[in-house]
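Just so you know, the sequences run in chain order A and B.
For the first sequence, this note's numbering begins at 428 and goes up steadily by one.
For the second sequence, this note's numbering begins at 17 and goes up steadily by one.
Just below is one structure, and these are the notes that go with it.
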Amino acid sequence: MSPNLRIAYRFLTAKKRAMFMSLACTILGVGLFIVTQATTSGFEKFFTKTILGINGAIRIEDRIQDTMTSMAAAGSADFYIVNREGVKYIEGVEEPQRLAEAVREFPNVRAVSAVVRGNVQITTSFKTEDAQVFGIKLEDHVRVSDLEEQITAGDLETFRSATGGALVGRVLADRLQLAVGDSFSVAARGQSRALKVSAIFETGYREVDKANVYVLLPEARSLLRRPTGATFLQVSLHDPTRAPRDAARMKQILRHDAKPWQEREKTWLDVFRALRISTMITVSVFTLIASLAMFNTLAMIVLEKTKDIAILRSMGYERKDITQVFLWQAGIVLGIGAALGALFGYVVTWMVEQVPLSITGIFKTDHFIVVRDVNHYLAAIATAVVMVMVASLIPARRAARLEPGDIVRGTAQ
Amino acid sequence: MSSAAKQNPGAVALRCTGLHRSLGQGEGRVHVLKGVTFEARRGEVCAIVGPSGCGKSTLLYLLGLLDQPDDGQIEINGALMSNSDDLARTRARGEHIGFVFQFHFLMLEFTALENVMMPMRKLGRLAPEAMQARAHALLDSVGLGSKTHRLGTQLSGGEQQRVAVARALANQPAILLADEPTGNLDGKNSGLVFDLLTHLAKEQGQAVVLVTHNPEIAQRCDFTRPMRDGVFV
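This is the structure we're talking about:
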C-alpha cells in the first residue's frame, strides 16, 4: 500500500460518522441512478420492441417524383434547384416485387414484406366497427413483425391454409364479440364478403389492436380492388438503431419515401427521453448531496489534521502528496460507494421488476419493465466520480497549500 | 551512521548568513530576525536560548526550511536552499533534516512503529523489511521496543516525545532540529529525552540545534547561542 493511501485510510477511519454519511449518500446516488435508468429505459425499450414488432424498422411508401424545379442540371454541373414544391409524392408502391428486391440489396436489411392496406367496415350480429384491413404474404410478414408471438387465440396455420381467414386484433374482437372460428362480414368499396376468424392477436398497442385485421394478400387485393401494387413495404433490419441512415439512403436511391421507426414514433420516443433525462436530473441530486457530504468531511479533516499535515510536510511529504492523501480519501469512499451502490441498484432494480403493474395502451405489461444495462452502471459511477472528485479537490488543494511553518507557529489560516 | 556524517565529522552541515524575517500583516508586522548568522557542525549539539518572542523558533523553522526568509542565505550540506522552490526545500527536509517539536506531534492514528517508518516510506531509500528493522532498532534505542505497536494515543507524553526523537532520526539526517523538545515534559523525562537526542545524534554524527528555555539542558550542550530581539548576543 502506498504511504499516501495508508495515511488517507487512517484519516478517513478516524472520522467514522462523517465518512459513513458520505458513503451512504454515494451509495444512494449511484443506486437510485441505476434504478431509475433501468426502469425508464425498460419501458422505452419495451415500447420500441412493441412497435418494431408491429410496423418493422422502416416503412417504404409513396414514390417520389421530381418536378421541373428540383431537377439537377445535366452532366457534371453543380447546379441544383432546391424547392419544396419541386417534389411530388405518388401514393403507394407501384412495383412492390422489384422494389422489395432492391431493398433486400441493402446489407442491414433482414426481410421485406409488401402490404396492401384499406379502410373497411366489419359487421357482426352484435355491431359494426370501422377497421383497417392489411393484406399480407404471411411468410414475408412474420419475418418483419412479431405476428407469431402476438397470437393469443387460434393459430397461424389455420390462417395460412384456409381461404377467407382473418387475423383480428384483440380489442376489435372483444368489441365485436368475435372468437376464433366466428364469421363476420367485411365491406369495402361497395362490396361485402364473409370472413372467418382464424386467430386473434394482441400487440399491446391499443390503436393497432382495435383497428387492424390481417388477411392474405390475394384476399385483400380482391376486397380492395387493387390487383397490382402495394400500399407500403415493411422492412426489418439486423440493426434497427441504424434505421434513420438506411432509410435516408433508401429514399435517395429508390426514390420512395422511407420512414424509420425513430421518425414514425418520434412523439413517444421524445416523451421517454424527456422522462429519462428528468429522472436522471432528479436522481443526480443525491449524487450532488454525496459530493457535498464528501466536501464537508474532507474540509473537517483538513481543519482537524493541520498539525498532521505540518508533520508530513516536515518529513519531506510534498504538496502533491498532501493533495493525494485527501483525494485518496474521496477515492476510498467513491470506490466502496460505487461498488455498494451498484449492488444496491441491482437489488432494488430486481425488486422493482417484481412489482405488479398493469399497463396497456402503447404496450402491454403486467409488471414493471426494467433493463439491466452496464452503461447505466457506468454512467452512475461516472457521475458520482466527477461530482465527488470535483468537490474533494477544493479541500485537498487547501490542505496542500498550508505552509508547515505557519502551522507549527500556530498562524495557519 | 550515515556515510556522509561518518566521513565528515565536524564539517558544517548547516549555515545561515544575514537572515531577516518579519511576521504579521500591516501595522502588526514585526521584524523578528534581524540579520542572523549561524552555523552548525556535525557531531555538535548547539542550544539557542533566549526570552520568549526573541525569534528562536522562527530561526529554527527557517533553518529547517519550513519557512522562507525575507533576506539572507541558508545552506544545507553546502547547497544554497534559501532561494529554492518548495519542492526542493521539501525534498531537502526529507533527506537532510529531522525535526522534534515541542508538542511531540505524533500522528495519533498510527502506531509508534508506523510513525517512525513514515519518513522512511516517503524517502523510499530502504526496502520495506529494512525500514521495519530500522524502526524497531530506533524504538529499542529510545526504550520503547516493547511498545512499537501502540497507537500514539496509548503512549504517555514522555513516550510520545521519545517516538518523535526516533522518527526524527529515521532517515539518518545530517541535521536534527528540536524546538523545545523537553518543554512539555517533567524533569525526569526531560533528562531522558535530551540524553537520547544528544547520544544518538553524536553517535550518528549529526548536527543538533535545539531551542530551549531550560538552562540545565542548555548547559549540557556543546555550546550555547543566546538570542535577544532577533539577533545573537
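Yeah, the Cβ is synthetic: ideal placement off N, Cα and C, and Gly gets one too.
- One finds Arg437, Phe438, Thr440, Ala441 in chain A with Cβ atoms closer than 8 Å to the Cβ of Glu125/B, taken in chain order.
- For Asn187/B, the closest alpha carbon among the candidates Ala153/B, Thr74/B, Gln170/B is that of Ala153/B.
- Listed along chain B is no residue with a C-beta nearer than 8 Å to that of Asp697/A; the closest approach is about 54 Å.
- With respect to the 7 Å criterion, Lys791/A and Gly581/A are not classified as neighbours on the basis of their beta carbons.
- His47/B places its beta carbon 7 Å or farther from that of Asp87/B.
- Nearest neighbour of Phe447/A by Cα position, chosen from Asn639/A, Phe474/A, Ala720/A, Arg597/A, turns out to be Ala720/A.
- Its Cα nearest to that of Arg691/A, the residue Gly483/A stands out among Ala726/A, Gly483/A, Ala807/A, Glu521/A.
- Look at the segment 720–742 of chain A: the residues with a C-beta under 8 Å from a C-beta of chain B are Lys734, Asp735, Ala737, Ile738, Leu739, Arg740, Ser741, Met742.
- DSSP, read as helix, strand or coil, puts Ala186/B in coil.
- With 16 or more neighbouring CB atoms inside 10 Å of its own CB, Gly168/B falls in the buried class.
- Between Ser663/A and Arg825/A, the gap from beta carbon to beta carbon reaches 7 Å or more.
- Contact annotation: in the segment 802–831 of chain A, residues whose CB is within less than 8 Å of a CB in chain B are Glu830, Pro831.
- A straight line joining the alpha-carbon of Asp833/A with that of Gly94/B spans about 26 Å.
- Under the Cβ criterion of 7 Å, Tyr744/A is counted among the residues facing chain B.
- When DSSP states are grouped into helix, strand and coil, Leu193/B belongs to the strand group.
- The residues Phe561, Gly562, Ile563, Ala657, Thr658, Phe659, Gln661, in chain order, have a CB closer than 7 Å to that of Val542/A in the same chain once the five nearest residues on each side in sequence are set aside.
- Shown here, Lys476/A sits in a helix according to DSSP, grouped into three states.
- Closest by C-alpha distance to Lys623/A, out of Pro783/A, Arg587/A, Arg437/A, is Arg587/A.
- By the neighbour-count definition (other C-beta atoms within 10 Å, threshold 16), Ile704/A is an exposed residue.
- Counting every other CB atom within 10 Å of its CB across the protein chains shown gives Arg137/B a total of 16 or more, marking it as buried.
- For Thr228/B, the three-state secondary structure derived from DSSP is coil.
- Using beta-carbon distances, Leu35/B does not count as an interface residue toward chain A, since no partner is under 7 Å.
- Against chain B, the beta carbon of Val835/A has neighbours under 7 Å at Tyr77, Leu82, Phe117, listed in chain order.
- CA-CA distance, Leu805/A to Leu643/A, rounds to 48 Å.
- Interface with chain A (7 Å Cβ-Cβ cutoff): Arg109/B is included.
- Across the set Ser711/A, Glu528/A, Asp636/A, the C-alpha of Asp636/A shows the shortest separation from the C-alpha of Thr579/A.
- Residue contact with chain A for Phe54/B: absent (no Cβ-Cβ distance below 7 Å to any residue of chain A).
- For the pair Ile759/A and Thr706/A, the Cα-to-Cα distance works out to about 27 Å.
- With its beta carbon at least 7 Å from every one in chain B, Pro671/A lies outside the interface.
- Membership of Glu690/A in the alpha helix (DSSP H) is indicated by the continuous run 688–691.
- Residue range 592–596 is occupied by the beta strand (DSSP E) that includes Val595/A, with no alpha helix (DSSP H) assigned at that position.
- Approximately 5 Å separates the beta-carbon atoms of Arg241/B and Ile64/B; this is inside 8 Å, confirming the contact.
- Distance from the CA atom of Val227/B to the CA atom of Phe115/B, rounded to whole angstroms, is 12 Å.
- With respect to the 7 Å criterion, Pro85/B and Leu78/B are classified as neighbours on the basis of their beta carbons.
- Around the beta carbon of Gln41/B, a 10 Å sphere encloses fewer than 16 other beta carbons of the protein chains shown; the residue is thus reported as exposed.
- Within the segment 86–104 of chain B, those residues whose Cβ lies closer than 9 Å to any Cβ of chain A are, in chain order, Asp102, Leu103.
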